[in-house]
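Asks: Okay, here's the structure, questions in a sec.
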Amino acid sequence: MLASSSSTITLGLLDLPEDVLKVVLSRRFLSPRTLMECACVCKAAAAVALPELYSDLLVPSFAALPLIYSTLQSRRDLAQQVRSVTASRSFVLSFEFSECESTIQECRMCPHSPIVSMSKAIQRLGLETLNNKLPMPWFVRIAKICPNLTAVDMTEIATFAIDITCLFLGLADLARILRSRLGRFQYRANPFSCVLVKDRVLESGGVLFRKPPFALDVYFVDSIDWSRKQIAVTDVMCTNTALGSSTCLTPFRDLVPLDDQLNWTIGDVTLRNNEAKARCIEQGNWVVSSWLESKRELWLKGGLVKGQDRVFDFSQRPGLIRGSAVIAASMPVLDLVTSSIEVDMRRQCRELVVDAPDPTTFLRFPPGQRQKVFNKGLALYEPLARRPMTFISLLHLSAAPFLVESTVAHFMSLFATGLPNLTHLELFKVACPIDYALHHADTLIRRPPTYPGKLLQSLTIGSFIAHPAHAHVQWPYGNTSSPKDWPLAEPWLPASNHRACRLEKLELMVRGGGVDHLVPEKAATVAIHPVTLRNLRNIRLESVKLYLPPPQLAQTDSPSFIPLSHIPSHARRLCPVNYTLVLPNLEELTLSSNAFNLSATRTSSGRNATSLVLHAIPRAPSLTHFFMFVDYVEGKSKVYTTGMVLPTVRRFPRLEHARFNYLTETQSLDQIAQEVLDEMFAPYPRELAPCPRLRCVQVNDGEPIEYYRWLLAREKPVDSGLELVQMSSLAVED
């Protein structure tokens, strides 16, 4: 018998057979970030990982499209791998289309028409300008050299300060390519086409007519899937008076041929205005009503022809909607709204939006009448205890003035009982201090055994603070935190429940007429459990300050949130959420200046002021998006100046986007831009820069300092696509 060798053979990852290595280095087992790290190891790993990364290509910026196109054109092997293209949230910025925006507005089919004439645009601007200055022609070029591309997703694009007209011009050419490949296109934030429908109309009082009429109307399309022959429709834009100047519609017949439209159904539907439709029509605010008055108007503004284009008739085909429905309605007419389009509420409704009047309306009522309104609001939700809505996962209340200190605990119990699968809760304009609402929301965040169900993943609470003129209403003006004589919930949690916390997104805002008069010392405050804080990936704080409770109140059986007034003075060793804390999971952070925990002594020295602000921001090694703005009451603050931009950006090594608004200008924007270019963009390789992933910095709503625009201006060659993928793929979520 041969003696066993004393030395063992060690095999590395790259020693595996090529077919096995391709399976291991795939998205089935590894995240895009891990794949990118593997691709940077050596050429052999890059040869396997790069095609996998290119299968789902993220476009970080409009300025990156020419670079992506040149890379794919020179690397046809990578172009063969592209199956989907996704635009990032900052794909389009404020100044992208400034050169051609005004001219394109003059090329509409008629005044106030949402449709832009492509022939007029070519005549006015020239084909070369349109092909190089607009995104759709670039997507068409990429689609032509990527034979397996079947999906273009623009859902993540932020809608602020962008011109949708320039974004969608030329969509028909891309649609023809995707239609031939049975692909899909979606941009759920804004519609890109419209269709004829027949639905029922509710009266203003929320009661159906005795014989509910089905009337012809126009819904807008925000998603289309040629493989399933389905579209997603919405009525969100039906009341938008600026529709004729703020969007660009493509005639539905250019997306789906007339002879094929009868085979199509509706996938998802979003109804935000159905309950108020009759009132909007009466007041002339239902914009699309004028389109139906004549064939010419319907064609010039909607690209539709009666008798030729398909009418999606809900009266003839129950079950026409195959997907899910997002319904906005008050509780009494919820069943009526869903029946107006023949939706099975229990099976198809996943998100519920409940609209209510602004709280300022109730502030004018005498106390007795306000109490009646509060009681009525409470009564609307009482049926949840008897008829749970097990199908709802997201609840959005646009205004909840009936959520006061005496009712908030009861409401949270109602939500926990009647919405067992609720994972996203959004409460705006609540009429009680934010710390007290958060404390009782623990019923949904960790759920006691008496309220079984899913744990909350996202929580948004916006407290309402009255203008000083209404200081006598609700609670004393400036009292944004609860007093110590308000009772807290009884402890009920076992010791292991904090480990089960699923809360990842927390948005806390103080809104209302009194915010502009709110000094930082009067901002809302609340203590958050350290485990709850550590789990958060997204934090938004507007005039709300977070603290950590003392150790004895941060045990495993302690509540997630505690009002500071209920922490005994002898035990009030509070730690503000600032530089002393590390939040390893935090990826997005939005702060107003009133949310900063600055020291009591403020200095006019720019250097010391910057250090104060930096010390008030927690450390977040995984942070990718940072947005900070100065509240109105700070005015021309000597603390929040443009001198803090670069020091703040340096704090976050994984930062991709940063925005600063209303800073006092101690440095010119040109000087800041040059510093960003020299320090963040110019180092090569980019790993030498303090923030190698930084793509965009915007200060005071000025022109964004954008990496890919700078790279394109330098005409820097892209080395076999590796650098480009490194900058784009890392932003893809794991």
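For the sequence shown, position 336 (counting from the first letter as 1) is numbered 318 according to this note's numbering, and the numbering increases by one without interruption.
Glycine included, each C-beta is placed from N, C-alpha and C at the ideal position.
Here the structure is a predicted model, which is why all the values come from computation and not from measurement.
Looking at the strands, I want to know which residues DSSP matches up with residue 410.
Replies: Taking the sequence shown and counting its residues from 1, one reaches residue 410 at position 428. Beta-bridge pairing links residue 410 to 444.
Asks: Does the beta-carbon distance from residue 217 to residue 256 come in below 8 Å?
Replies: Here residue 217 is taken as the residue at index 235 of the sequence shown, counted from 1. Here residue 256 is taken as the residue at index 274 of the sequence shown, counted from 1. For residue 217 and residue 256, yes; Cβs fall inside 8 Å.
Asks: Taking only the alpha-carbon atoms, compute the straight-line gap between residue 743 and residue 152 and give it to the nearest angstrom.
Replies: This structure cannot speak to residue 743, because the chain is shown only from -17 to 716.
Asks: Where residue 406 and residue 377 are concerned, what is the direct C-alpha to C-alpha distance, given to the nearest angstrom?
Replies: As a first step, residue 406 is located in the sequence shown; it is residue number 424 there, counting from the start. As a first step, residue 377 is located in the sequence shown; it is residue number 395 there, counting from the start. Whole-angstrom Cα-Cα distance: 6 Å.
Asks: Mind listing, in chain order, the continuous beta strand (DSSP E) runs of no fewer than 3 residues lying wholly within the segment 481 to 552?
Replies: For the segment 481 to 552, whole beta strand (DSSP E) runs of length 3 or above, ordered along the chain, are 487 to 493, 506 to 510, 520 to 524 and 526 to 530.
Asks: Three-state secondary structure (DSSP) at residue 168?
Replies: Numbered from 1 along the sequence shown, position 186 holds the residue referred to as residue 168. Strand, per DSSP.
Asks: Looking at the unbroken alpha helix (DSSP H) that takes in residue 680, where does it start and where does it end?
Replies: Counted from its first residue, the sequence shown places residue 680 at position 698. From DSSP, residue 680 is part of no alpha helix (DSSP H) but of the beta strand (DSSP E) over 678 to 681.
Asks: Looking at the secondary structure, which residues open and close the alpha helix (DSSP H) in which residue 163 lies?
Replies: Walking along the sequence shown from the start, residue 163 turns up at place 181. From DSSP, residue 163 is part of no alpha helix (DSSP H); its letter is neither H nor E.
Asks: What is the residue span of the alpha helix (DSSP H) that residue 204 lies within?
Replies: Residue numbering aside, residue 204 sits at position 222 when the sequence shown is read from its first letter. Run containing residue 204: none in the alpha helix (DSSP H); it sits in the beta strand (DSSP E), 196 to 207.
Asks: Determine which residues share a DSSP beta bridge with residue 212 and list them.
Replies: Numbered from its first residue, the sequence shown carries residue 212 at position 230. Residue 212 is bridged to 207 and 247.
Asks: Does DSSP classify residue 458 as helix, strand or coil?
Replies: Residue mapping note: residue 458 aligns to position 476 of the sequence shown, counting from 1. Caution applies to residue 458, whose pLDDT of 45 falls short of 50 and renders its modelled position unreliable; the model cannot decide the point.
Asks: Determine the extent of the alpha helix (DSSP H) in which residue 609 is found, giving its start and end residues.
Replies: Within the sequence shown, the letter at position 627 stands for residue 609. Segment 607 to 611 is the beta strand (DSSP E) holding residue 609; no alpha helix (DSSP H) there.
Asks: Rounded to whole angstroms, what is the Cα-Cα separation between residue 390 and residue 664?
Replies: Walking along the sequence shown from the start, residue 390 turns up at place 408. Walking along the sequence shown from the start, residue 664 turns up at place 682. Cα-Cα distance, rounded: 53 Å.
Asks: For residue 130 and residue 417, what's the separation of their Cα atoms in angstroms?
Replies: By 1-based counting over the sequence shown, the position of residue 130 is 148. By 1-based counting over the sequence shown, the position of residue 417 is 435. Taking the straight line from one Cα to the other gives about 52 Å.
Asks: Can you list, in chain order, the residues of its chain whose CB lies under 7 Å from that of residue 279, leaving out five sequence neighbours each side?
Replies: Along the sequence shown, one-based indexing puts residue 279 at 297. Closer than 7 Å at the Cβ level, and outside the excluded window around residue 279, lie 272 and 273.
Asks: For residue 494 and residue 447, which I take to be in contact (beta-carbon distance under 8 Å), what is that distance rounded to the nearest angstrom?
Replies: Locating residue 494 in the sequence shown gives position 512, counting from the first residue. Locating residue 447 in the sequence shown gives position 465, counting from the first residue. Indeed they touch by this definition, with Cβ atoms about 4 Å apart.
Asks: Name the DSSP bridge partner or partners of residue 309?
Replies: For the purposes of this step, residue 309 is taken as the residue at position 327 of the sequence shown. DSSP, once it has assigned bridges, lists 253 and 334 as partnering residue 309.
Asks: Can residue 630 and residue 681 be called in contact, C-beta distance under 8 Å?
Replies: As a first step, residue 630 is located in the sequence shown; it is residue number 648 there, counting from the start. As a first step, residue 681 is located in the sequence shown; it is residue number 699 there, counting from the start. The answer is no: Cβ separation not under 8 Å.
Asks: Between residue 291 and residue 178, which are expected to be in contact by the criterion C-beta below 8 Å, what is the C-beta distance as a whole number of angstroms?
Replies: Reading the sequence shown from its first residue, position 309 is the one you call residue 291. Reading the sequence shown from its first residue, position 196 is the one you call residue 178. 6 Å between Cβ atoms; contact.
Asks: Assess contact between the segment 509 to 525 and the segment 557 to 567, defined as three or more Cβ pairs (one per stretch) separated by less than 8 Å. Is contact present?
Replies: At 8 Å Cβ cutoff, the stretches touch.
Asks: If you draw a straight line from the C-alpha of residue 609 to the C-alpha of residue 591, how long is it?
Replies: In the sequence shown, residue 609 corresponds to position 627, counting from 1. In the sequence shown, residue 591 corresponds to position 609, counting from 1. Approximately 19 Å, taken between the alpha carbons.
Asks: Excluding five sequence neighbours on each side, which residues of the same chain lie with their C-beta closer than 8 Å to the C-beta of residue 355?
Replies: For the purposes of this step, residue 355 is taken as the residue at position 373 of the sequence shown. Counting only Cβ-Cβ distances below 8 Å, and skipping sequence neighbours, we find 344, 347, 383 and 384.
Asks: Could you pull the start and end residues of the beta strand (DSSP E) that residue 436 belongs to?
Replies: Your numbering for residue 436 matches position 454 in the sequence shown. It is not in any beta strand (DSSP E) - residue 436 carries neither H nor E in the DSSP assignment.
Asks: Output the distance between the C-alpha atoms of residue 79 and residue 660, rounded to the nearest integer angstrom.
Replies: The residue labelled residue 79 in the question sits at position 97 within the sequence shown. The residue labelled residue 660 in the question sits at position 678 within the sequence shown. So the two alpha carbons sit approximately 26 Å from each other.
Asks: Any chance the segment 491 to 506 sits against the segment 410 to 427, with 3 or more Cβ pairs inside 8 Å?
Replies: Yes, the segment 491 to 506 is in contact with the segment 410 to 427.
Asks: Curious, which full-length alpha helix (DSSP H) runs of at least 4 residues does the segment 55 to 135 contain?
Replies: You should have 58 to 61, 83 to 87, 100 to 107, 109 to 115 and 117 to 127.
Asks: Could you name the residues of the same chain whose beta carbon sits closer than 8 Å to that of residue 7, not counting the 5 residues immediately before and after it, in chain order?
Replies: Working through the sequence shown from its first residue, we reach residue 7 at position 25. Closer than 8 Å at Cβ, skipping near neighbours: 17, 20, 27, 30, 31 and 34.
Asks: On the DSSP letters alone, give me the boundaries of the alpha helix (DSSP H) that residue 631 sits inside.
Replies: The residue you call residue 631 lines up with position 649 of the sequence shown. Residue 631 -> alpha helix (DSSP H) spans 627 to 632.
Asks: To the nearest angstrom, how far is the alpha carbon of residue 82 from that of residue 115?
Replies: In the sequence shown, residue 82 corresponds to position 100, counting from 1. In the sequence shown, residue 115 corresponds to position 133, counting from 1. Going by the C-alpha atoms only, they are around 8 Å apart.
Asks: Need the endpoints of the alpha helix (DSSP H) that residue 717 sits in, please.
Replies: Residue 717 lies beyond the range of the chain shown here (-17 to 716); nothing can be said about it.
Asks: Name the residue from 683, 678 and 643 whose alpha carbon lies nearest to the alpha carbon of residue 693.
Replies: Within the sequence shown, numbered from 1, the residue matching residue 693 stands at position 711. When only C-alpha atoms are compared, the closest one is 678.
Asks: DSSP three-state label for residue 189, please.
Replies: Looking up residue 189 in the sequence shown gives position 207. Residue placement at residue 189 is flagged as unreliable, the pLDDT there being 47, under the threshold of 50; a coordinate-derived value is accordingly withheld.
Asks: Looking only at its own chain, which residues have a Cβ that is under 7 Å from the Cβ of residue 497, when we skip the five neighbours before and after it?
Replies: Mapped onto the sequence shown, residue 497 falls at position 515. Within the same chain, residue 497 has close Cβ partners 447 and 525.
Asks: How would you label residue 58, buried or exposed, when you count the other beta carbons within 10 angstroms and need 16 or more for buried?
Replies: Numbered from its first residue, the sequence shown carries residue 58 at position 76. With fewer than 16 Cβ atoms within 10 Å of its Cβ, residue 58 is classed as exposed.
Asks: Hey, residue 71 and residue 38 are a contact pair by Cβ (cut 8 Å); roughly how many whole angstroms apart?
Replies: Walking along the sequence shown from the start, residue 71 turns up at place 89. Walking along the sequence shown from the start, residue 38 turns up at place 56. The pair is not a contact, with the Cβ atoms about 16 Å apart (cut-off 8 Å).
Asks: Can you round the beta-carbon distance between residue 117 and residue 44 to whole angstroms, since I take them to be within the 8 Å contact cut?
Replies: Here residue 117 corresponds to residue number 135 of the sequence shown, with the count starting at 1. Here residue 44 corresponds to residue number 62 of the sequence shown, with the count starting at 1. At roughly 5 Å, the Cβ-Cβ gap stays under 8 Å, so residue 117 and residue 44 are in contact.
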